[in-house]
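> Take this structure, written in structure tokens, and hold onto it; I'll ask about it next.
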Amino acid sequence: MDQGSSISLTRSGNTYKFAPGQRYVVINANSNGTNYNADKLAYKAAGYNGLVTGSTYVNDANSALVVQLEKAPTPPVPGTPTVPGKPPVVVKPPVVVKPPVAPVTGPERATTSNATSSLNGLASYSGIAPQLLELYNASLAIEGTKEANRVGERLSTSQNINVSTASGVATSTAMGVVGNHLDTIRSPQTAGLSGVSTGDGYSDWIVWAQPYGGYTRQDSTSEVSGYRAKFGGLLFGADRTVAEDWRMGAALNYSNTSVHGKDNLTGNKSTANNYGVIGYAGYSGDPWFMNLSAALTRQNYDTVRRADFTGFSGTANGKFNGQSVTLQSEFGYPFTLPAAVVLTPMAGLTYGYQHVDGYKESGGNGMALDVGASHSQSVTSDLGARIEKGVDTGFGRLTPFAQVSWIHQYDNRRTSNTATYAADTIGETQFTTKGAAPVKDLAGLSVGSTLFNANDLSVDARYDLQAGERYQAHTFSLRLNKSF
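So the sequence shown is residues 14 to 497, counted in this note's numbering.
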């Protein structure tokens, strides 16, 4: 371009305003023989009072003329001229300790950690990939802290962390179903009939199937938006006695979890399909008992993140996998009270480890992310008691029960992952997103009933509630059990 030529930027339509830090590619051509004379051109942006400059950006065989908006330089404050006169008397002043001066900040920006992290990562971008640069420019024009928090969290991986967390509830529910199965078939106090209940058929094979489902709700905190999740699954298992007082078996598990974001994440949706196998064993002492189980589960995730604000709209899609291992143990000691009521104090310990593979989102109009692998773990204890009583009916023996428990989480670390914007080829936009802190203490309530008949067939129905600060989980299960 000829020296002295003018470059003028104008806004078109209802788009974002010009703001300091924005960059615009006005010409992009083959670098061979191209000379823009960037430092000898005149630049301006309509309605913008700051400094407008230009530079040349060379990438491989291309050369681009990039116009950048900067803050207007602050003119120096002229000093007061000294008036000659009588020299002043020098008096030693007292030592005054000045408080530290707070750094000068720009316009109001995001205040929540995840929003700040994703926007700061975006603000570090120095390239000129068209879609990512458009997102970069639009983000610099966001007005107001509330809007910055909303946009920043939608640009983060918060939604994807939520679905990996929620999918673990379905797995823990399946583990609880297996434990309840062992409790139901264990002793005459539970069943009260011939066959399995009195021990003459306890060594037989038992084949069982149980659908389960429920929903969870994680309320928003001051830092992280919450979610609503629904899940449903099916267990199909078989077991038999392998040694005196020991019963062992395995169950196949499938579940689907659907997660919808709340507040800043409203409109975002994710799903997880879980495929797993659970090995389990039960020991029946006199009278104490023990349940042991281990689950290996694979998760297939599909996520949809949406972000819409002035000058930008995008939808990023993710498909990725994960794996989890869950180990659980439970101990109980039943006491028979008057009127054939059975009271069983119980204690349990559960360890969980979850790994999520790295992945790269598609689409997004610049907001797609390249997310690194992550992992999380949990250690929980469960202390409680169950009360039950068998009643003979015309259909068989009905055994209703109720159980209360205190569930404590020992690992309070927040799930996190690290990501960069997918169009960033050098990793300069890297940022970290953290999920909500695990709920430290939960109250648990379980109610249900089992109906046994004389043909070694039983039907079991159960409802479980776990509730804590900003969190609730409701699960339902129905089991059909047949011994052969």
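Don't be surprised by glycine CBs; every beta carbon is placed ideally from N, CA and C.
Please classify Asp213 as buried or exposed, where buried requires at least 16 neighbouring CB atoms within 10 angstroms.
Counting from one through the sequence shown, the residue named residue 213 turns up at place 200. With a pLDDT of 41 at Asp213, under the threshold of 50, the predicted position of this residue should be treated as unreliable, and no value is reported.
> Looking only at its own chain, which residues have a Cβ that is under 7 Å from the Cβ of Glu441, when we skip the five neighbours before and after it?
Along the sequence shown, one-based indexing puts residue 441 at 428. For Glu441, where only same-chain residues beyond five positions count, the Cβ hits under 7 Å are Ser137, Tyr138 and Ser139.
> Take the Cβ of Trp221 as the centre, count every other Cβ of all protein chains shown within 10 Å, and call the residue buried at 16 or more, exposed below.
Position 208 of the sequence shown, counting from 1, holds the residue named residue 221. Under this definition Trp221 is a buried residue.
> Nearest to Glu156 by alpha carbon, out of Pro33, Lys402, Asn127 and Gln336?
Within the sequence shown, numbered from 1, the residue matching residue 156 stands at position 143. Measuring from the Cα of Glu156, the nearest candidate turns out to be Pro33.
> Could you tell me the alpha carbon to alpha carbon distance between Thr270 and Met188, rounded to whole angstroms?
Residue numbering aside, residue 270 sits at position 257 when the sequence shown is read from its first letter. Residue numbering aside, residue 188 sits at position 175 when the sequence shown is read from its first letter. Rounded to the nearest angstrom, the two C-alpha atoms are 16 Å apart.
> As a quick exercise: from Pro143, Gln422, Gly345 and Ala320, pick the residue whose alpha carbon is nearest that of Tyr296.
If you number the sequence shown from 1, residue 296 lands on position 283. The shortest C-alpha separation from Tyr296 is found at Gly345.
> Could you have a look at Thr203 and say whether DSSP puts it in helix, strand or coil?
Position 190 of the sequence shown, counting from 1, holds the residue named residue 203. The predicted position of Thr203 is uncertain, since its pLDDT is 42 and thus under 50; no value can be drawn from it.
> To the nearest whole angstrom, what separates the beta carbons of Phe408 and Gly461, a pair I think is in contact under 8 Å?
Position 395 of the sequence shown, counting from 1, holds the residue named residue 408. Position 448 of the sequence shown, counting from 1, holds the residue named residue 461. So it is not a contact: roughly 16 Å between Cβ atoms.
> Quick one: what's got a C-beta closer than 6 Å to Phe249's C-beta in the same chain, skipping five residues either side?
In the sequence shown, counting from the first residue as 1, residue 249 sits at position 236. For Phe249, where only same-chain residues beyond five positions count, the Cβ hits under 6 Å are Ala222 and Leu265.
> Candidates Asp15, Val290 and Asn72: which alpha carbon is nearest Ala251's?
Here the question's residue 251 lines up with position 238 in the sequence shown. Looking at the Cα atoms, Val290 is the closest of the given residues.
> Quick one: what's Glu401 bridged to in DSSP?
Start at 1 with the first residue of the sequence shown, and residue 401 comes out as number 388. DSSP lists Val355 and Phe414 as partners of Glu401.
> Distance, Cα to Cα, Asn50 vs Ile40?
Taking the first residue of the sequence shown as position 1, residue 50 is located at position 37. Taking the first residue of the sequence shown as position 1, residue 40 is located at position 27. Near 12 Å, if we compare the C-alpha coordinates of Ile40 and Asn50.
> Less than 7 Å between the C-beta atoms of Asn425 and Pro451, yes or no?
In the sequence shown, counting from the first residue as 1, residue 425 sits at position 412. In the sequence shown, counting from the first residue as 1, residue 451 sits at position 438. Yes, these two residues count as a Cβ contact at 7 Å.
> Going by other Cβ atoms of all chains shown within 10 Å of its Cβ, with 16 needed for buried, is Arg199 buried or exposed?
Your numbering for residue 199 matches position 186 in the sequence shown. It is buried - the Cβ of Arg199 has at least 16 other Cβ atoms within 10 Å.
> State the Cα-Cα distance for the pair Ala183 and Asn287, rounded to the nearest angstrom.
Here the question's residue 183 lines up with position 170 in the sequence shown. Here the question's residue 287 lines up with position 274 in the sequence shown. Going from the Cα of Ala183 to the Cα of Asn287 covers about 8 Å.
> Gly292 bridges to which residues according to DSSP?
Stepping through the sequence shown from its first residue, residue 292 is reached at position 279. Paired residues: Ala263 and Ala307.
> Tell me which residues share the same chain as Leu146 and place their Cβ nearer than 6 Å to its Cβ, disregarding the 5 neighbours each side in the sequence.
What you label residue 146 is simply residue 133 of the sequence shown in a count that begins at 1. No residues qualify anywhere along the chain.
> In chain order, what residues of the same chain have a beta carbon less than 7 Å from the beta carbon of Val237, not counting five sequence neighbours either side?
Sequence index remark: in the sequence shown, residue 237 carries index 224 (1-based). Only Asn127, Ser171, Gly448 and Ala449 meet the Cβ criterion.
> Are the beta-carbon atoms of Gly377 and Ala151 separated by less than 7 Å?
Locating residue 377 in the sequence shown gives position 364, counting from the first residue. Locating residue 151 in the sequence shown gives position 138, counting from the first residue. No, Cβ-Cβ distance for Gly377 and Ala151 is not below 7 Å.
> What is the residue span of the beta strand (DSSP E) that Glu482 lies within?
Here residue 482 refers to the residue found at position 469 when the sequence shown is read from its first residue. Taken as a continuous stretch (DSSP letters only), Glu482 belongs to no beta strand (DSSP E), as it is neither H nor E.
> Closest to Tyr228 by C-alpha separation, out of Thr234, Ala242, Ser235 and Trp218, would be which residue?
Looking up residue 228 in the sequence shown gives position 215. Nearest C-alpha to Tyr228: Ala242.
> Thinking Arg483 and Asp232 are a contact (beta carbons under 8 Å), I'd like their distance in whole angstroms, please.
Within the sequence shown, numbered from 1, the residue matching residue 483 stands at position 470. Within the sequence shown, numbered from 1, the residue matching residue 232 stands at position 219. The Cβ separation is near 4 Å, so the contact holds.
> For Phe444 and Pro300, what's the separation of their Cα atoms in angstroms?
The count along the sequence shown starts at 1 and reaches residue 444 at position 431. The count along the sequence shown starts at 1 and reaches residue 300 at position 287. So the two alpha carbons sit approximately 55 Å from each other.
> Less than 6 Å between C-beta atoms, sequence neighbours within five positions excluded: which residues of the same chain meet that for Lys57?
Position 44 of the sequence shown holds residue 57. Taken in chain order, the residues that qualify are Ser21 and Val65.
> Here's a check: name, in chain order, each residue in its chain whose Cβ is nearer than 6 Å to the Cβ of Met14, leaving out the five neighbours to either side.
For the purposes of this step, residue 14 is taken as residue 1 along the sequence shown, with counting starting at 1. The answer, listed in chain order, is Tyr49 and Asn50.
> Can you tell me which residues form a DSSP beta bridge with Leu458?
To locate residue 458, count along the sequence shown from 1; it is residue 445. DSSP output for Leu458 lists Val417 and Leu478 as bridge partner(s).
> Could you compute how far the alpha carbon of Asn62 sits from the alpha carbon of Arg230?
Sequence index remark: in the sequence shown, residue 62 carries index 49 (1-based). Sequence index remark: in the sequence shown, residue 230 carries index 217 (1-based). Computed Cα separation, rounded: 48 Å.
> For Val417 and Pro358, I'd like the C-alpha separation in whole angstroms.
As a working note, residue 417 is residue 404 in the sequence shown. As a working note, residue 358 is residue 345 in the sequence shown. Looking at the two C-alpha atoms, the distance is approximately 10 Å.
> Nearest-angstrom Cα distance between Thr158 and Ala123?
The count along the sequence shown starts at 1 and reaches residue 158 at position 145. The count along the sequence shown starts at 1 and reaches residue 123 at position 110. Each residue's alpha carbon lies about 5 Å from the other.
> Since I believe Ser283 is in contact with Asn173 (beta carbons under 8 Å), could you give me their beta-carbon distance rounded to a whole number of angstroms?
For the purposes of this step, residue 173 is taken as the residue at position 160 of the sequence shown. For the purposes of this step, residue 283 is taken as the residue at position 270 of the sequence shown. Contact holds; Cβ gap of about 7 Å.
> Can you tell me where the alpha helix (DSSP H) with Ser76 in it begins and where it stops?
Numbered from its first residue, the sequence shown carries residue 76 at position 63. Taken as a continuous stretch (DSSP letters only), Ser76 belongs to no alpha helix (DSSP H), being part of the beta strand (DSSP E) at Asn75 to Glu83.
> Between the Cα of Ser130 and the Cα atoms of Arg167, Ala154, Gly481 and Asn334, which residue gives the shortest distance?
Position 117 of the sequence shown, counted from the start, is the residue given in the question as residue 130. For the residues Arg167, Ala154, Gly481 and Asn334, the minimum Cα distance to Ser130 belongs to Arg167.
> With 16 other CB atoms within 10 Å as the buried threshold, where does Gln312 fall?
For the purposes of this step, residue 312 is taken as the residue at position 299 of the sequence shown. Per the 10 Å Cβ criterion, buried.
> Who are His273's beta bridge partners in DSSP?
Numbered from 1 along the sequence shown, position 260 holds the residue referred to as residue 273. Answer is Arg241 and Lys282.
> At which residues does the beta strand (DSSP E) containing Leu382 begin and terminate?
As a working note, residue 382 is residue 369 in the sequence shown. Per DSSP, Leu382 belongs to the beta strand (DSSP E) from Leu382 to Val384.
> Can you tell me where the beta strand (DSSP E) holding Glu343 begins and where it ends?
Locating residue 343 in the sequence shown gives position 330, where the first residue counts as 1. Run containing Glu343: Phe325 to Gly345, per the beta strand (DSSP E) assignment.
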